[in-house]
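Asks:
In the numbering used here, the protein residues as written are 949 to 1467.
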């Protein structure tokens, strides 16, 4: 035996002796006939929020975490797509994309290099009601990170060559989306559900259409920036291992002198979340009745016996992409928590009814899900699934059936399992400084109470069948839902003809995406 073989034998013998020494002498065997008890979910306690304000009025909210080496500075600017001219849709998105593509101090390349040099992550994420600009960095390099952030936000130069490059890139993306089933389904769905509210900006993606995006000029971008990138439209969240006083001095030096004046974007919640929190606590058990926040005036009622299935034709496609849903609700609805629980039951987890039906029981799809998008104004509610082409209509029938079943009381064991799923997964929303900063910005945007996140688990656990009675009666109704299918129209039409009261209507791509524009 060579020395390596001998060494191996000695090592294995030593490990064996150690293992035997550590083995309990009673050799107790766990009782596997009983399911281990599940502990009650615990509330999430975020660090206290320290609220300050810069000399120009910008609110700055701090949450300190000294056990992390990272820090995040995140700014929400109310420079949303809702502020664009209808023939210039995409201006907000292009403006946001250009913030780090050239400033007075840096070129696009040198800005990127400086971000890399300090180990930072910089992003500008455009949405319908605002733009979130953030930078996450090792806390000891926060000074350099804030300097870069101020350059991007206060000193962008919008170089024409970068505008041309980004426009070409995005227009190429529009062309690609015309052949991507999921993109087609998403665009067609939003177009149809906001049909009764044609001026609603959510009817189109944040980039608008190829036609409106192609028409954007540098003058449009500069004007949008001057109108909406102002202190009055801005608030800041700082999280991580930071010193509040030192960071305030740093922010005052870089952003406190910002005096741009433009348009003040309106924040739209009609009542604050302080009011809504009180309503929720006092009104969970009230009987079902007329609820202003559940009227959703944009949602049209469809005559179910004469149901129309809108089809975007993709000849020869082996599967169909389904979108079923309607306009949902604003984040300010007092029924937020019941709706959160009900959606999780329907399609918000792997064990949801939709997934168990379409995937596990019927084998129509690899996965089905549903979601509410809660925004300042009512966002969409959608059921999403990709199914076998020859199972398109059976899958749609099952979707409508599951939506209708949400009008019935939820069994207590299913309700408890759902509440646990939400509560035990909730801490993931705060696991990084970046995620925590995002939650703080949400708190400010939607005027949530300071203890909102601390009481979130308690509010979810308070949801019962009584509190769900209003949305159960007023919202989860198949005859409120639009149905969009992207797939082989001939194969789908054959199935629809077997449904005596259903009708197929073709939806041309140009109808909801506009005409194609070459890059």
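All residues carry an ideal CB built from backbone N, CA and C; glycine is no exception.
Residue 993 to residue 1199, Cα distance in whole Å?
Replies: 27 Å
Asks: Work out the CA separation of residue 1365 and residue 1463 for me, nearest whole Å.
Replies: 48 Å
Asks: Measure from the alpha carbon of residue 1047 to the alpha carbon of each residue in 1162, 1385, 1428, 1083, then state which is nearest.
Replies: 1083
Asks: Can you tell me the Cβ-Cβ gap for residue 1028 and residue 1040, rounded? I've got them flagged as a contact below 8 Å.
Replies: 6 Å
Asks: Tell me which residues share the same chain as residue 1053 and place their Cβ nearer than 6 Å to its Cβ, disregarding the 5 neighbours each side in the sequence.
Replies: 1099
Asks: Tell me which residue opens and which closes the beta strand (DSSP E) that residue 1332 is part of.
Replies: 1326-1336
Asks: Look at the Cβ atom of residue 1335, then the Cβ atom of residue 1343, and state whether they are nearer than 8 Å.
Replies: yes
Asks: Need the endpoints of the alpha helix (DSSP H) that residue 1435 sits in, please.
Replies: Per DSSP, residue 1435 lies in no alpha helix (DSSP H); the unbroken beta strand (DSSP E) holding it starts and ends at 1430-1435.
Asks: Which one of 1111, 1007, 1190, 1036 has the shortest CA to CA distance from residue 1090?
Replies: Measuring from the Cα of residue 1090, the nearest candidate turns out to be 1190.
Asks: Check whether the region 1008-1027 touches the region 1181-1195, counting contact only when three or more Cβ pairs, one atom from each stretch, lie closer than 8 Å.
Replies: Enough Cβ pairs lie closer than 8 Å, so yes.
Asks: Using only CA atoms, which one of 1192, 977, 1278, 995 lies nearest to residue 1379?
Replies: 995
Asks: I need the straight-line Cα distance from residue 1346 to residue 1306, nearest angstrom please.
Replies: The C-alpha of residue 1306 is placed about 7 Å away from the C-alpha of residue 1346.
Asks: Do you know offhand how far residue 1178's Cα is from residue 1207's?
Replies: 7 Å
Asks: Could you compute how far the alpha carbon of residue 1128 sits from the alpha carbon of residue 1443?
Replies: 23 Å
Asks: With distance defined between alpha-carbon atoms, name the residue in 1456, 1466, 1181 nearest to residue 1133.
Replies: 1456
Asks: I want to know whether the region 1156-1173 touches the region 1105-1120 - three or more CB-CB distances under 8 Å.
Replies: yes
Asks: Keeping to the same chain, check which residues put their C-beta closer than 6 Å to that of residue 1245; ignore five residues upstream and five downstream.
Replies: Low confidence applies here, because residue 1245 scores a pLDDT of 38, under 50, leaving its location unreliable; read the following figure in that light. Contacts found: none.
Asks: Suppose you measure from the CA of residue 1385 to the CA of residue 1110; what does that come to, to the nearest Å?
Replies: Distance between the alpha carbons of residue 1385 and residue 1110: 30 Å.
Asks: So, are the CB atoms of residue 1321 and residue 1130 less than 8 Å apart?
Replies: no
Asks: Would you decide whether residue 1222 is buried or exposed? Buried here means 16 or more other CB atoms lie within 10 Å of its CB.
Replies: Residue placement at residue 1222 cannot be trusted, given a pLDDT of 42 that sits under 50; what the coordinates show is reported in the next sentence. When all chains shown are included, residue 1222 counts as exposed.
Asks: Between residue 1327 and residue 977, what straight-line distance do the alpha-carbon atoms span, to the nearest angstrom?
Replies: 53 Å
Asks: Using the beta-carbon count (16 or more within 10 Å), is residue 990 buried or exposed?
Replies: Under this definition residue 990 is an exposed residue.
Asks: Rounding to the nearest angstrom, what Cα-Cα distance links residue 998 and residue 1284 in this structure?
Replies: 27 Å
Asks: Taking 8 Å as the cut-off, decide whether the C-beta atoms of residue 1357 and residue 1413 are in contact.
Replies: yes
Asks: At the level of alpha carbons, what is the spacing between residue 1174 and residue 1042?
Replies: 14 Å
Asks: Under 8 Å, do residue 1419 and residue 1286 count as touching if we go by C-beta distance?
Replies: yes
Asks: Given residue 1317, which residues of its chain have a CB within under 6 Å of its CB, disregarding the five upstream and five downstream residues?
Replies: 1295, 1332
Asks: With DSSP as the reference, please indicate the residues paired to residue 1104 in a beta bridge.
Replies: 1051
Asks: On a Cα-Cα basis, can you pick out the residue from 1448, 1423, 1280, 1433 that is closest to residue 1397?
Replies: Each of 1448, 1423, 1280, 1433 was checked against the Cα of residue 1397, and the nearest Cα belongs to 1280.
Asks: Taking the C-alpha atoms as reference points, what is the distance between residue 1065 and residue 1141?
Replies: Each residue's alpha carbon lies about 46 Å from the other.
Asks: Who are the near neighbours of residue 1196 in its chain, counting only those whose CB is closer than 6 Å to its CB and skipping five residues on each side?
Replies: 1000
Asks: Look at the alpha carbon of residue 1350 and the alpha carbon of residue 1399, and state the distance between them as a whole number of angstroms.
Replies: 35 Å
Asks: Just reading off the beta strand (DSSP E) that residue 1452 is part of, what are its end residues?
Replies: It spans 1451-1454 - the beta strand (DSSP E) in which residue 1452 sits, taken as one unbroken run.
Asks: What does a CB cutoff of less than 7 Å around residue 1458 pick up in its chain, not counting 5 residues either side in sequence?
Replies: Same-chain partners within the cutoff: there are none.
Asks: Exposed or buried, which one is residue 1298 when buried takes at least 16 other CB atoms within 10 Å?
Replies: exposed
Asks: For residue 999, list the residues DSSP reports as bridge partners.
Replies: 1009
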